[in-house]
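Shown next, in structure tokens, is the structure this report addresses.
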Amino acid sequence: KDGSYSIRLTSYIDNASTASLYFVPIRRKLKPNHHIPIGRYTERNKDALLANANSSASIVFKSKVVSRTHAQLLVDDLGNWFIKDLKSSSGTFLNRRRLSSPNEESISFQLHDGDLLQLGMDYRGGSEEIYRCVKIRIELNKSWKLKSSNFNKKAHEKLKILNHPLSNNMKQSNGVKSVNTNKMETNDYTECAICLYDCKPCQAIFIAACSHCWHYKCIRRIILNNYPQFLCPNCRSVTDLESNVDDDD
1 KDGSYSIRLT SYIDNASTAS LYFVPIRRKL KPNHHIPIGR YTERNKDALL ANANSSASIV
61 FKSKVVSRTH AQLLVDDLGN WFIKDLKSSS GTFLNRRRLS SPNEESISFQ LHDGDLLQLG
121 MDYRGGSEEI YRCVKIRIEL NKSWKLKSSN FNKKAHEKLK ILNHPLSNNM KQSNGVKSVN
181 TNKMETNDYT ECAICLYDCK PCQAIFIAAC SHCWHYKCIR RIILNNYPQF LCPNCRSVTD
241 LESNVDDDD
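Take the sequence shown: its position 212, counted from the start at 1, is 212 in the UniProt record's numbering, and no numbers get skipped.
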């Protein structure tokens, strides 16, 4: 609305490799032809850690493998985002490709939704958190926002049914036809895509932000695998399970 473009950086968790530095999701807004510095946390730039999500403040990480002036994000008039390495010693990697040699400035490389950005390389095997590289999943121009759909609304209605397992007749005062839980048809329930059985009243159910749901017993391993990020096995959307419930952005 104000001519700015948005970007969100989320911690990328890869269980197939050594652990990287975890950080809470970072959001920034930027006007065209401006840039956002990326670097190491110091006492001088500590305010950047508390910056508003809609600000264009610097992005900092508490890792010693990140240079103080490591890289920068840029956006053009069309909302295209770019990453540029600023002579960092340990490197900037876009989809596992290093942008430039050590201590050499790179050209600007365009970013795309879902790209993997890595700052630095593990030092001492990453045994200490402060020596771990930073792996980032890129999301551009509010692509992460979930929009309401008929599917979301139907899933919410089914949740209401599951939430009243002991009621034989749930009568609503607004004139909507009452629901008899004893006579509910099979298609009134949502099927768990893992075990293929219905999610029914009195069962432990996990519902993701995308409105897909499963038996908790079935989905538990996937939840814990990349926690606090959750990758929906149905639609592949990624959500942060630790995000604030009052976070509208």
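By construction, the Cβ of each residue, glycine as well, lies at the ideal position given by its N, Cα and C atoms.
- The beta carbons of Val-66 and Gly-39 sit closer together than 8 Å.
- Measuring C-alpha to C-alpha distances from Arg-132 to each of Ser-20, Ala-16, Gly-91 and His-212 identifies Ser-20 as the nearest.
- Bridge pairing for Pro-25: absent [DSSP].
- Contact between His-215 and Gln-203 is confirmed by a C-beta separation of about 6 Å, below the 8 Å threshold.
- In the assembly as shown, Tyr-12 is a buried residue. Its beta-carbon has 16 or more other beta-carbons within 10 Å.
- Apart from sequence neighbours up to five positions away, the residues of its chain that approach Asn-80 with a beta-carbon distance below 7 Å are Gln-110, ordered along the chain.
- Arg-98 is bridged by DSSP to Phe-93.
- Sorting Ser-101, Tyr-227, Cys-235 and Ile-222 by C-alpha distance to the C-alpha of Gly-120 places Ser-101 at the top.
- The Cβ atoms of Glu-105 and Asp-77 lie no closer than 8 Å to each other.
- A direct Cα-to-Cα measurement between Thr-239 and Cys-213 gives close to 14 Å.
- Taking the CA atoms as reference points, Phe-61 sits about 28 Å from Cys-232.
- When rounded, the separation of the alpha-carbon atoms in Lys-200 and Cys-192 is 10 Å.
- As the crow flies, the alpha-carbon of Asn-52 is around 42 Å from that of Cys-195.
- Leu-94 has its alpha-carbon roughly 22 Å from the corresponding atom of Ala-57.
- The three-state secondary structure of Cys-199, taken from DSSP, is strand.
- Ile-83 has Leu-73 and Phe-109 as its beta-bridge partners, per DSSP.
- In this structure, DSSP gives Gly-126 a helical state, which the three-state scheme calls helix.
- Under DSSP, Ser-11 forms a beta bridge with Ile-136.
- By the neighbour-count criterion, in which a residue is buried when 16 or more other Cβ atoms sit within 10 angstroms of its Cβ, Tyr-227 is exposed.
- At the C-beta level, Ser-6 and Lys-29 come within 8 Å of one another.
- Within the DSSP secondary-structure output, Ile-207 pairs in a beta bridge with Cys-213.
- Inclusion of Pro-25 and Thr-69 in the CB contact set at 8 Å is not warranted, their separation being larger than that value.
- Annotated three-state conformation of Asp-240 is strand, per DSSP.
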